[in-house]
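For the sequence shown, my numbering begins at 235 and goes up steadily by one. Where a beta carbon is used, it is the ideal one built from N, C-alpha and C, also for glycine.
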Amino acid sequence: MEFYKNLKASDWAALLPLGVTCVAVGFGAKILFDKQFGTPVNPSIRKGESKVVDSVDIEDLGNKAVFCRCWRSSKFPYCDGSHNQHNNACGDNVGPLIVKSKE
235 MEFYKNLKAS
245 DWAALLPLGV
255 TCVAVGFGAK
265 ILFDKQFGTP
275 VNPSIRKGES
285 KVVDSVDIED
295 LGNKAVFCRC
305 WRSSKFPYCD
315 GSHNQHNNAC
325 GDNVGPLIVK
335 SKE
């Protein structure tokens, strides 16, 4: 792996377009694949449905309700604190949606 030590400035200049092209192609492929095959947000909740939709009557909420936004709660759509473990594992900062009545 010491071949690069013997390269002259003119050799590096000749390799530069190849290196720039490789980086550009790699970056373009990453953008293309990220758009087509993005990581799903929902890892496991009701995966058999084409779209997960929940509705809650405002009269049933009481004074306060805490809803999950991380898609990892075992009590979905309500929060069970699973976002804390998720945040620690991957460095995310997601938290619940808290809905409460005015006092």
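Using DSSP bridges, identify the partner residues of residue i.
i      : result
Ile332 : Val300
Tyr312 : Phe301
Taking the straight line between their C-alpha atoms, what separation do you get for residue i and residue j?
i      : j      : result
Cys304 : His317 : 6 Å
Asn276 : Ser335 : 29 Å
Phe237 : Gly325 : 40 Å
Ala243 : Leu252 : 15 Å
Ser278 : Ala258 : 35 Å
Using only CA atoms, which one of the options lies nearest to residue i?
i      : options                   : result
Phe310 : Val290, Asp326 and Ser284 : Val290
Ala299 : Cys324, Ser308 and Tyr312 : Tyr312
Leu331 : Asp268, Glu337 and Asp314 : Asp314
Return yes when at least one heavy atom of the ligand NAP lies under 6 Å from the C-beta of residue i, else no.
i      : result
Ile292 : The ligand NAP is not part of this structure, which contains no ligands at all.
Would you please state the rounded distance, in angstroms, between the beta carbons of residue i and residue j? I believe it to be under 8 Å.
i      : j      : result
Val328 : Asn322 : The pair is not a contact, with the Cβ atoms about 12 Å apart (cut-off 8 Å).
Phe254 : Phe301 : The sequence given here has Val at residue 254, not Phe. The pair is not a contact, with the Cβ atoms about 48 Å apart (cut-off 8 Å).
At least three beta-carbon pairs within less than 8 Å, the region 292-306 to the region 250-269: no
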